[in-house]
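Notes follow the structure.
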Amino acid sequence: MKHIPRKRFGQHFLTDTGILDAIVRAIDPRPDEILVEIGPGMGAMTDPVVERCERLTVIELDRDLAARLRRRPELNVVESDVLKVDFRALADSLGAAPGSGRRLRVIGNLPYNISSPILFHLQDAVDLIEDQHFMLQKEVVDRMAAAPGSKDYGRLSVMLQWRQEVESLIDVPPECFDPPPRVDSAVVRVVPKAVAPALDAALLGELVTVAFSQRRKVLRNTLGRWLEGREGVPDFDLQRRAEEVPVADYIALAAALSPRR
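Quick note on numbering: the sequence shown equals residues 4 to 264 in my numbering.
Below is the structure:
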C-alpha cells in the first residue's frame with residue numbers, strides 16, 4: 004500500500020537517486036559506526052546507508068511508517084517524536100557512552116517545521132556526536148553556516164557555530180521530492196569542535212538573543228543595557244550591530260561573564 008505523505012508531520016520524501024547517491028557519499032557510512040537516522044520515511048536514505056553500515060537506528064514518529072520499518076531486522080526502530088528522545092540515553096544504549104571512544108553519527112531529512120528545535124535539542128548531547136548530515140530548508144542551512152556581516156547571520160549562526168563547524172554541501176531543488184516542498188532545500192554537515200569553550204551555554208543564548216533582538220540598532224541600545232550592572236564585563240565594542248560581531252567575540256564575552264567553576 005502506498006503511503007500518503009502527512010502534512011502535519013512535514014513529510015516530503017526524497018526521490019532523486021542522483022541526489023541520494025551524493026548524500027550517501029558525503030556521509031560515507033562504515034560498518035563499525037553507530038548511525039542514527041531521524042525521520043527515515045519511506046527509506047530512501049535508509050536503504051543505501053544500511054547497506055554500508057549493516058545496522059542502523061531510526062527515529063520515526065509516524066506509526067504506520069514505524070510499523071513498516073520494524074519488519075526489517077537490520078533496523079533498530081525508535082517510534083517517537085525526536086524532540087522527546089534522550090540522545091544521551093540513546094547513545095549509552097548503543098555503546099557510545101563517554102569514554103567508550105565511539106560516538107553517534109546522526110543523519111536525516113528533517114521536518115522543516117521543527118528543524119531548528121531539533122538542531123538545538125541535539126546540542127545537549129554534542130559531546131557524544133561525531134557528526135550530523137541533514138537535509139533542511141536551504142534558508143535554514145544558509146543561516147546555520149552564515150558568516151558575520153551577511154544578511155543570514157544571526158542567533159542560529161552563533162548558537163551552532165560556537166561549538167560546531169557548519170558546512171553547506173548540496174543544494175536540492177523541490178522537484179527532487181514527493182510531494183515537492185514550496186522551498187529549496189540543502190544538505191548540511193555539522194561537526195562538533197574538538198574542544199568546546201568553557202562558558203555557560205544558557206548565558207550565551209540569552210546574550211545572543213538580546214543582541215539580535217533589534218538588528219538595525221547598534222549594540223549599545225540592546226546588549227549595552229543588558230550588560231549594565233554586571234560584573235566582569237570585558238572590553239567589548241558596543242558601537243557595532245549584532246550581525247557585525249564574530250562568533251569568537253560573543254564567546255569571549257559569554258566566557259568572561261560565566262560563573263567560574
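Each residue gets a CB set at the ideal place from its N, CA and C atoms; glycine is no exception.
In this text the structure is predicted, and so the values were computed from the model without any measurement.
Pick from the options that is closest to residue i, judged by C-alpha positions
{"i": "Arg158", "options": "Ala128, Ala197, Pro51 and Leu207", "result": "Leu207"}
{"i": "Arg108", "options": "Asp19, Ile30 and Arg228", "result": "Ile30"}
{"i": "Arg218", "options": "Pro182, Val175 and Lys154", "result": "Lys154"}
{"i": "Arg192", "options": "Leu260, Asp67, Tyr115 and Leu163", "result": "Leu163"}
{"i": "Asp89", "options": "His124, Thr212, Met147 and Arg55", "result": "His124"}
{"i": "Arg66", "options": "Val129, Gly111, Val80 and Cys56", "result": "Val80"}
{"i": "Ala94", "options": "Lys141, Met147, Pro176 and Glu36", "result": "Glu36"}
{"i": "Ile121", "options": "Val143, Arg106, Tyr156 and Tyr253", "result": "Val143"}
{"i": "Val266", "options": "Asp203, Val27, Ala201 and Gln126", "result": "Given a span of 4 to 264 for the chain in the structure shown, any question on residue 266 remains unanswerable."}
{"i": "Gln135", "options": "Asp24, Lys196 and Ser103", "result": "Lys196"}
{"i": "Asn116", "options": "Cys56, Gly235, Asp50 and Ser188", "result": "Ser188"}
{"i": "Phe215", "options": "Glu247, Trp165 and Val198", "result": "Glu247"}
{"i": "Ile22", "options": "Leu64, Gly232 and Leu172", "result": "Leu172"}
{"i": "Arg185", "options": "Leu139, Glu168 and Arg55", "result": "Leu139"}
{"i": "Lys266", "options": "Leu64, Pro101 and Leu97", "result": "The chain is shown from 4 up to 264; residue 266 falls before or after that span and cannot be answered."}
{"i": "Thr212", "options": "Ala245, Ala148, Pro183 and Ile26", "result": "Ala245"}
{"i": "Val161", "options": "Ser83, Ser119 and Ala128", "result": "Ser119"}
{"i": "Tyr156", "options": "Leu38, Pro249, Gly227 and Ile62", "result": "Pro249"}
{"i": "Ile110", "options": "Leu38, Asp174 and Asp84", "result": "Leu38"}
{"i": "Trp229", "options": "Glu178, Leu210 and Asp240", "result": "Leu210"}
With 16 other Cβ atoms within 10 Å as the buried cut-off, status of residue i
{"i": "Ala99", "result": "buried"}
{"i": "Arg11", "result": "The predicted position of Arg11 is uncertain, since its pLDDT is 45 and thus under 50; no value can be drawn from it."}
{"i": "Gly152", "result": "exposed"}
{"i": "Glu40", "result": "buried"}
{"i": "Gly3", "result": "Any property of residue 3 remains undetermined from this structure, which presents the chain solely from 4 to 264."}
{"i": "Pro34", "result": "exposed"}
{"i": "Pro76", "result": "exposed"}
{"i": "Met4", "result": "Residue placement at Met4 cannot be trusted, given a pLDDT of 45 that sits under 50; what the coordinates show is reported in the next sentence. Label assigned to Met4: exposed."}
{"i": "Val52", "result": "buried"}
{"i": "Ser103", "result": "exposed"}
{"i": "Asn112", "result": "buried"}
{"i": "Ser96", "result": "exposed"}
{"i": "Ala92", "result": "exposed"}
{"i": "Thr60", "result": "buried"}
{"i": "Ala205", "result": "exposed"}
{"i": "Arg106", "result": "buried"}
{"i": "Asp174", "result": "exposed"}
{"i": "Ala251", "result": "exposed"}
{"i": "Ala149", "result": "buried"}
Residue i: first and last residue of the uninterrupted beta strand (DSSP E) it sits in
{"i": "Ser171", "result": "Gln167 to Val175"}
{"i": "Tyr82", "result": "Tyr is not the amino acid found at residue 82; the sequence shown has Glu there. It spans Leu78 to Glu82 - the beta strand (DSSP E) in which Glu82 sits, taken as one unbroken run."}
Those residues which DSSP pairs with residue i across a bridge
{"i": "Asp181", "result": "Phe16"}
{"i": "Ser188", "result": "Gln140 and Val175"}
{"i": "Gly111", "result": "Ile41 and Phe137"}
{"i": "Arg244", "result": "Val221"}
{"i": "Val193", "result": "Gln135 and Val169"}
{"i": "Glu63", "result": "Glu82"}
The alpha helix (DSSP H) enclosing residue i, as first and last residue numbers
{"i": "Arg146", "result": "Lys141 to Ala148"}
{"i": "Gly227", "result": "Leu226 to Leu230"}
{"i": "Glu57", "result": "No alpha helix (DSSP H) holds Glu57; DSSP gives it neither H nor E."}
{"i": "Leu207", "result": "Ala204 to Ala214"}
{"i": "Gln1", "result": "Residue coverage of the chain in this structure runs from 4 to 264, which leaves residue 1 outside it and unanswerable."}
{"i": "Ser96", "result": "Phe90 to Ser96"}
{"i": "Ser119", "result": "Ser118 to Leu125"}
{"i": "Arg73", "result": "Arg66 to Arg73"}
{"i": "Ala100", "result": "It is not in any alpha helix (DSSP H) - Ala100 carries neither H nor E in the DSSP assignment."}
{"i": "Asp252", "result": "Val250 to Leu260"}
Margin query: Pairs of beta-carbons, one from the stretch 29-47 and one from the stretch 72-91, closer than 8 Å: are there three or more?
Written below: yes
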